[in-house]
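Engineer: Next up is a structure, given as structure tokens.
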Amino acid sequence: MNGVNAVNGPDKTVSTAAEAVADIGHGASVAVGGFGLTGVPGTLIRALYEQGTGGLDIVSNNCGVDGDGLGILLAAGRIRRVTGSYIGNNAEFARRYLCGELEVELTPQGTLAERLRAGGCGIPAFFTPAGIGTQVADGGLPRSHTPDGRVAAVSPPREIRVFDGRPHLLERALTTDFALVRAARGDRHGNLVFAKTARNFNPLAAMAGRITVAEVERLVEPGELDPDQVHLPGVFVQRVVPLTPRQAAHRPVERRTVRTP
């Protein structure tokens with residue numbers, strides 16, 4: 001990293017993705033931004049894959065797709081556990097889950113978002129009506145399987161309390177050792193701006209990480225970002241990795257559809 005910038009703050013830039021993720025060790029918990037393949041920090045994920053880190057506890061809306069995003073780490077057997085809301089079209093995810101190679105905690109999508117936000121705000125837990133009347137509240141969701149496909153462990157029942165005549169279940173906040181996110185623009189202080197739907201889980205994942213690493217498509221100097229347009233303040237970001245033009249241009253499409261003429 002490069003010391004202190006002249007405009008009132010530390011310069012958080014790191015020259016390479018490999019350097020930025022070098023201290024993410026075996027068994028670390030990592031929150032990862034993105035939704036499908038939109039806003040996924042693919043360069044940081046690739047660097048993590050190339051350094052050989054394994055036994056990871058991943059918190060992310062989904063786990064990439066076969067051959068891209070977190071799917072790269074998954075296929076290499078580097079992920080031990082996933083907390084997410086959507087398995088999607090990732091056949092390898094389903095196979096590993098059902099064959100006992102992966103532990104999975106499924107949680108409603110909005111609840112996942114709030115668990116990350118709460119973790120970033122220092123709120124240990126909260127009550128929500130989402131999941132009442134389902135296995136989310138009552139327990140019994142399969143979390144892991146034996147190699148022959150039998151259920152090995154299930155989710156526990158949640159504490160339920162009634163507020164204004166309506167039952168709510170208790171959800172614990174999420175914090176992780178690290179967070180990996182992708183932004184359209186960022187300055188050397190770590191202030192970030194996300195492009196359209198790439199804003200999805202990125203700010204929330206960044207808030208939950210004790211050490212947050214952001215890859216940015218365009219690095220700007222301090223003062224260039226309008227403060228009213230900053231989506232995530234630099235206080236939540238510890239490292240900024242400027243992408244090369246080629247890396248920034250990599251925006252894979254999860255499911256391509258075309259209109260019939």
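Residues 1 to 261 (UniProt numbering) are what the sequence shown spells out, left to right.
Quick reminder that beta carbons are idealized off the backbone N, C-alpha and C, glycines included.
#1: To the nearest angstrom, how far is the alpha carbon of A76 from that of P167?
#2: How should I72 be labelled, buried or exposed, when 16 other C-beta atoms within 10 angstroms of its C-beta is the threshold for buried?
#3: Does the stretch 90-103 come close enough to the stretch 175-183 to have 3 or more Cβ pairs within less than 8 Å?
#4: Go ahead and pull the three-state DSSP assignment for L98.
#5: Measuring alpha carbon to alpha carbon, tell me which of Y86, A125 and T175 ends up nearest R158.
#6: Measuring alpha carbon to alpha carbon, tell me which residue in I160, G209 and G131 is nearest V59.
#7: Taking Cβ positions, are F178 and A28 nearer each other than 7 Å?
#8: To the nearest angstrom, report how far apart A137 and R259 are at their CA atoms.
#9: Pick from R96, G122 and L192: whose alpha carbon is nearest that of H145?
#10: If we count the other Cβ atoms within 10 Å of its Cβ and call it buried at 16 or more, is P147 buried or exposed?
#11: Just to confirm my understanding: we take P252, look at its own chain, exclude 5 residues before and 5 after, and list those with CB closer than 7 Å. What are they?
#12: In three-state terms, what does DSSP make of L70?
#13: With DSSP run on the structure shown, which of helix, strand or coil describes Q239?
#14: Suppose the cutoff is 6 Å on Cβ atoms and the five residues either side in sequence are ignored; what does the same chain contact list for A198 look like?
#15: Measure the C-alpha to C-alpha separation of V4 and P10 and round it to an integer number of angstroms.
#16: What residues in its chain sit with their C-beta under 7 Å from that of H231, if we drop five residues either side in the sequence?
#17: Taking the C-alpha atoms as reference points, what is the distance between G122 and N61?
#18: What is the rounded straight-line gap between the Cα of A205 and the Cα of P233?
#19: Whole angstroms are fine: how far does the CA of K196 sit from the CA of T128?
#20: Just to check my reading of the structure: G64 and L74 have Cβ atoms closer than 8 Å, yes? What is that Cβ distance to the nearest angstrom?
#21: Can you grab the Cα-Cα spacing for the pair T257 / A31, in whole Å?
#22: Tell me, to the nearest whole angstrom, how far the beta carbon of A130 is from that of P108; I am working on the premise that it is less than 8 Å.
#23: Which runs of the beta strand (DSSP E) spanning at least 3 residues fall entirely within the stretch 129-175, listed in chain order?
#24: Closest to C99 by C-alpha separation, out of L141, T83 and A152, would be which residue?
#25: With a 10 Å radius around its C-beta and 16 neighbouring C-beta atoms as the bar for buried, classify E114 as buried or exposed.
Structural biologist: So, from the listed chains and residues:
#1: Numbered from its first residue, the sequence shown carries residue 76 at position 76. Numbered from its first residue, the sequence shown carries residue 167 at position 167. Answer to the nearest angstrom: the Cα atoms are 42 Å apart.
#2: For the purposes of this step, residue 72 is identified with residue 72 of the sequence shown, where counting begins at 1. Per the 10 Å Cβ criterion, buried.
#3: no
#4: In the sequence shown, counting from the first residue as 1, residue 98 sits at position 98. The answer is helix: DSSP assigns L98 an H, G or I state.
#5: Numbered from 1 along the sequence shown, position 158 holds the residue referred to as residue 158. Looking at the Cα atoms, A125 is the closest of the given residues.
#6: Within the sequence shown, the letter at position 59 stands for residue 59. When only C-alpha atoms are compared, the closest one is G209.
#7: Within the sequence shown, numbered from 1, the residue matching residue 178 stands at position 178. Within the sequence shown, numbered from 1, the residue matching residue 28 stands at position 28. Going by C-beta atoms, F178 is nearer than 7 Å to A28.
#8: Here the question's residue 137 lines up with position 137 in the sequence shown. Here the question's residue 259 lines up with position 259 in the sequence shown. About 41 Å.
#9: If you number the sequence shown from 1, residue 145 lands on position 145. Answer by Cα proximity: R96.
#10: Position 147 of the sequence shown holds residue 147. Result: exposed.
#11: Here the question's residue 252 lines up with position 252 in the sequence shown. Around P252: L37 and D68.
#12: Within the sequence shown, numbered from 1, the residue matching residue 70 stands at position 70. DSSP places L70 in coil when its eight states are reduced to three.
#13: By one-based count along the sequence shown, residue 239 stands at place 239. Looking at the sequence provided, one finds Arg at residue 239 rather than Gln. Strand.
#14: Position 198 of the sequence shown, counted from the first residue, corresponds to residue 198. Closer than 6 Å at Cβ, skipping near neighbours: T38 and G39.
#15: As a position in the sequence shown, residue 4 is number 4, starting the count at 1. As a position in the sequence shown, residue 10 is number 10, starting the count at 1. With a pLDDT of 45 at V4, under the threshold of 50, the modelled position of that residue is not reliable, and no figure is offered here.
#16: One-based indexing of the sequence shown puts residue 231 at position 231. Hits under 7 Å: L192, V193, F194, R199 and P203.
#17: As a first step, residue 122 is located in the sequence shown; it is residue number 122 there, counting from the start. As a first step, residue 61 is located in the sequence shown; it is residue number 61 there, counting from the start. Their Cα atoms are separated by approximately 21 Å.
#18: Position 205 of the sequence shown, counting from 1, holds the residue named residue 205. Position 233 of the sequence shown, counting from 1, holds the residue named residue 233. Cα-Cα distance, rounded: 13 Å.
#19: On the sequence shown, position 128 is the one that residue 128 refers to. On the sequence shown, position 196 is the one that residue 196 refers to. Looking at the two C-alpha atoms, the distance is approximately 27 Å.
#20: Taking the first residue of the sequence shown as 1, we reach residue 64 at position 64. Taking the first residue of the sequence shown as 1, we reach residue 74 at position 74. Correct: roughly 7 Å between the Cβ atoms.
#21: Along the sequence shown, read from residue 1 onward, the residue named residue 257 stands at position 257. Along the sequence shown, read from residue 1 onward, the residue named residue 31 stands at position 31. Taking the straight line from one Cα to the other gives about 29 Å.
#22: For the purposes of this step, residue 130 is taken as residue 130 along the sequence shown, with counting starting at 1. For the purposes of this step, residue 108 is taken as residue 108 along the sequence shown, with counting starting at 1. The Cβ separation is near 5 Å, so the contact holds.
#23: 142-145, 151-154, 160-163 and 166-172
#24: Working through the sequence shown from its first residue, we reach residue 99 at position 99. Measuring from the Cα of C99, the nearest candidate turns out to be A152.
#25: Within the sequence shown, numbered from 1, the residue matching residue 114 stands at position 114. Counting Cβ neighbours within 10 Å, E114 comes out buried, since at least 16 surround it.
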